[in-house]
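Trainee: If you're matching positions, the sequence shown starts at 0 in numbering that gives the first Met the number 0 and goes up one per residue.
Backbone N, C-alpha and C fix where the C-beta goes; we use that ideal spot for every residue, glycine too.
Can you keep this structure in mind? I'll have questions shortly.
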Amino acid sequence: MIRVRIGLVARGTGAVPIGEIEEMTSEGIRESLTQSGLHVVTERIPGFHSVALGIFFRQGSRDEDVKTNGASHLIEHMLFKGTSKRSSKEILADIERLGGISDGFTAKEITGITIRCLTDSMKPLVALLLEMLGSSTFEAKELRKEKRVIYEEMRSAEEDPQDTVFDRFFEACFAPHPLGYPVIGRRKALSGIGRERLIEVYRKKYTLADSILVAVGNVKEEELIGLLPRRMKLVSGERKVRAQPVENSAPISMVHTRKDLSQVHAVMGTQTVGTNSDERFPLALLATLLGGGMSSRLFSLLREDKGLVYTVSSFLELFEDCGVAGFYFITEKSKLGKVFRAIEQEVSRLKKKGLRAGELDTAKTLTKSSLLLSMESLSHRMARLGHWKLSAQRFRTIPQTLAAFEKVTEDEVLDVARKFFDSKVFHTSFVGPITERDTNPLTRR
């Protein structure tokens with residue numbers, strides 16, 4: 000075990016303390032607030048030759064409105080499209096010339112720009128990353144071109160039934176709240192976002208108060224902070240207050256007819272707690288034992304025993320103040336009713352009769368194994384730290400997280416099953432060769 004100071008002061012490097020929290024942990028995690036106002040988190044893992052760098056913003060599609068839906072995703076694209084010093088092609092060429100692998104992503108609550116590189120290349124790539132954040136020009140010509148690229152991305156997403164069915168499910172759960180918006184945006188909104196409006200959104204919402212720089216791998220905190228300027232070109236700002244979603248109490252069903260498909264993609268589920276609730280641990284185990292693996296209840300029942308589906312799984316996605324959980328499956332239109340009722344009956348059986356012998360232990364082992372395997376990825380560790388800091392959730396080390404799963408009892412799993420998994424109030428979405436008339440018998444309660 001290594002003693003680590005979270006909030007350690009890097010003397011002489013422009014960093015100032017944000018309060019020290021001392022704990023015993025197996026992770027070399029250090030956190031600082033630099034003089035410029037940028038939060039920095041590092042996790043040193045000396046055995047690696049590389050480092051995963053990422054700048055994360057607490058900004059996503061849930062922070063948009065009807066007229067700006069898609070702006071966060073568009074900004075992520077535009078940060079790669081040229082600065083006052085380099086063109087978009089020069090940015091990509093310089094990253095790869097240094098052996099770096101760059102990426103960007105936008106989600107409902109977070110936007111990120113990441114670079115994987117050898118430790119020897121960290122200095123120039125940190126400088127380039129900061130240049131992208133502080134000196135992007137958002138040129139009108141590049142903006143028009145990138146919108147065309149995103150329109151193509153939209154077409155690809157619309158042709159993917161899995162993407163579509165989950166977009167419709169989130170709309171059913173949260174609309175009119177922005178958590179129900181598609182991350183990629185909508186054409187009408189995107190077409191109306193001009194250069195001035197986009198720059199306004201960037202300056203207003205991509206602030207130091209809602210951002211964090213994370214580095215994981217063969218990196219020393221003091222060396223990374225020494226590469227940062229004393230003044231950042233981002234606005235300081237204040238941490239944004241997000242509007243809390245109100246659950247749609249009556250079950251809502253969304254149907255997207257696709258006659259070109261031979262099967263129906265379906266989602267059924269509900270709202271749950273968010274990342275700061277301790278109920279997330281029994282919820283995760285419940286999702287695992289119901290549909291998290293090939294020995295799970297629903298996979299065994301629907302595929303192995305009844306042969307009704309090829310694909311069936313459970314999901315749990317958590318946000319700052321709420322979450323969603325449920326089931327996703329693909330089947331023929333003629334089998335849709337049988338699958339729907341079988342899932343309802345299996346969930347009801349679990350709530351009434353409890354767990355089978357060894358079932359909870361298997362779910363714990365599978366969940367903990369998945370967590371530990373994911374921690375072998377520097378990129379995953381980086382994303383984990385970024386999400387932790389931006390969501391203001393209580394940080395748990397890996398041993399603490401494993402212990403939280405281990406202490407979950409059968410009663411706690413059954414409690415969350417009875418609290419959240421009531422099929423009478425499940426929201427549903429369907430994509431395939433069906434209409435509302437086909438799904439009404441399944442969704443009317």
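Provide the residue span of the alpha helix (DSSP H) that contains Arg348, from first to last.
Mentor: Taken as a continuous stretch (DSSP letters only), the alpha helix (DSSP H) holding Arg348 covers 335–352.
Trainee: What residues match up with Ser312 in a beta bridge as DSSP calls it?
Mentor: Answer by DSSP bridge pairing, in chain order: Tyr327.
Trainee: Ordered along the chain, which non-local residues of its own chain (more than five positions away) have a Cβ less than 7 Å from that of Tyr201?
Mentor: Excluding sequence neighbours, Tyr201 sits near Ile74.
Trainee: Closest to Ala402 by C-alpha separation, out of Arg302, Gly292, Pro281, would be which residue?
Mentor: When only C-alpha atoms are compared, the closest one is Pro281.
Trainee: In terms of alpha-carbon separation, which member of Gly357, Asp360, Ala324 lies closest to Asp421?
Mentor: That would be Ala324, whose Cα lies nearest to the Cα of Asp421.
Trainee: Decide yes or no for the touch test of the segment 218–225 against the segment 242–250: beta carbon pairs closer than 8 Å, at least 3 of them.
Mentor: Segments in contact, no.
Trainee: Buried or exposed, going by whether 16 or more other CB atoms sit within 10 Å of the CB of Gly431?
Mentor: Its Cβ being crowded by 16 or more others within 10 Å, Gly431 is buried.
Trainee: Below 8 Å CB to CB, which residues in the same chain sit around Val272 once its five sequence neighbours on both sides are set aside?
Mentor: So the list reads Glu278, Arg279, Leu282, Leu317, Cys321, Gly322, once near-sequence residues are dropped.
Trainee: Whole angstroms is fine: what's the gap from Lys80's alpha carbon to Glu199's?
Mentor: In a straight line, the C-alpha of Lys80 is about 17 Å away from that of Glu199.
Trainee: Nearest to Tyr327 by CA position, among Leu97, Ala156, Asp162, Ser86, is which residue?
Mentor: Out of Leu97, Ala156, Asp162, Ser86, Asp162 has the C-alpha closest to the C-alpha of Tyr327.
Trainee: On a Cα-Cα basis, can you pick out the residue from Arg383, Ser390, Leu389, His38 that is closest to Thr396?
Mentor: When only C-alpha atoms are compared, the closest one is Arg383.
Trainee: At which residues does the beta strand (DSSP E) containing Met267 begin and terminate?
Mentor: Segment 263–271, the beta strand (DSSP E) holding Met267.
Trainee: If I'm right that Lys239 touches Asp209 with Cβ under 8 Å, what's the distance once you round it to whole angstroms?
Mentor: Yes, Lys239 and Asp209 are in contact; Cβ-Cβ is about 6 Å, under 8 Å.
Trainee: Got a sec, what are the start and stop residues for the alpha helix (DSSP H) Met131 sits in?
Mentor: Taken as a continuous stretch (DSSP letters only), the alpha helix (DSSP H) holding Met131 covers 121–134.
Trainee: Which first and last residues belong to the beta strand (DSSP E) in which Met253 is found?
Mentor: Segment 252–256, the beta strand (DSSP E) holding Met253.
Trainee: Apply the 10 Å Cβ neighbour rule to Met293 and answer buried if 16 or more other Cβ atoms are within range, or exposed otherwise.
Mentor: Classification of Met293: exposed, given that the 10 Å Cβ count is below 16.
Trainee: Please identify the residue among Met374, Leu226, Gly59, Ser295 whose C-alpha is closest to the C-alpha of Ala126.
Mentor: Among Met374, Leu226, Gly59, Ser295, the Cα nearest to that of Ala126 belongs to Leu226.
Trainee: Which residue's Cα is closest to the Cα of Leu370: Lys66, Thr400, Lys203?
Mentor: Minimum Cα distance to Leu370 is reached at Thr400.
Trainee: Mapping DSSP to helix, strand and coil, what is Phe55?
Mentor: Strand.
Trainee: Closest to Arg380 by CA distance: which of Leu52, His38, Gln34, Leu32 is it?
Mentor: The option with the nearest alpha carbon to Arg380 is Leu52.
Trainee: The alpha helix (DSSP H) with Asp93 in it runs from where to where?
Mentor: That run of the alpha helix (DSSP H) goes 87–96.
Trainee: Under the rule that 16 or more other beta-carbon atoms within 10 Å means buried, what is Ile54, buried or exposed?
Mentor: Result: buried.
Trainee: What are the boundary residues of the beta strand (DSSP E) that includes Thr33?
Mentor: 28–33 is the span of the beta strand (DSSP E), which, as asked, contains Thr33.
Trainee: Would you call Ile100 buried or exposed, if buried means 16 or more other Cβ atoms sit within 10 Å of its Cβ?
Mentor: Result: exposed.
Trainee: What does DSSP give as the partner residues of His426 in its beta bridges?
Mentor: Answer is Gly268.
Trainee: Just mark Asp62 as buried or exposed, buried being the case when its beta carbon has 16 or more other beta carbons within 10 Å.
Mentor: Asp62 comes out buried.
Trainee: Report all residues from its chain with a CB closer than 7 Å to the CB of Met153; omit the five preceding and five following residues, and keep chain order.
Mentor: The answer, listed in chain order, is Ile183, Arg186.
Trainee: Sort out for me which residues DSSP pairs Ser101 with in a bridge.
Mentor: Ser101 is bridged to Ile114.
Trainee: Kindly give me the distance between the Cβ atoms of Leu207 and Ala416, rounded to whole angstroms, as I take these residues to be in contact under 8 Å.
Mentor: That pair is no contact at about 42 Å.
Trainee: Can you give me the Cβ contacts of Gly179 inside the same chain, cut-off strictly under 6 Å, excluding the 5 residues immediately before and after it?
Mentor: For Gly179, where only same-chain residues beyond five positions count, the Cβ hits under 6 Å are Phe169, Glu170, Phe173.
Trainee: So Glu409 packs on Leu354, CB below 8 Å; how close in whole Å?
Mentor: Yes, they are in contact, since the Cβ atoms of Glu409 and Leu354 sit about 5 Å apart, within 8 Å.
Trainee: Which runs of the alpha helix (DSSP H) at least 4 residues long sit entirely within the segment 201–231? Give them in chain order.
Mentor: 220–225, all fully within the segment 201–231.
Trainee: Suppose the cutoff is 6 Å on Cβ atoms and the five residues either side in sequence are ignored; what does the same chain contact list for Ser49 look like?
Mentor: If we look at Ser49 and ignore the five residues flanking it on each side, its Cβ neighbours are Leu117, Gly216.
Trainee: Which same chain residues, not among the five before or five after Phe394, have their C-beta less than 6 Å away from its C-beta?
Mentor: Around Phe394: Trp387.
Trainee: Given a cut-off of 9 Å, decide if Ile28 and Val40 are closer than it, judged by their beta-carbon atoms.
Mentor: Yes, the Cβ-Cβ distance between Val40 and Ile28 is below 9 Å.
Trainee: Does the distance from the C-beta atom of Gly291 to that of Ser312 stay below 9 Å?
Mentor: Taking 9 Å as the Cβ cut-off, Gly291 and Ser312 qualify as a contacting pair.
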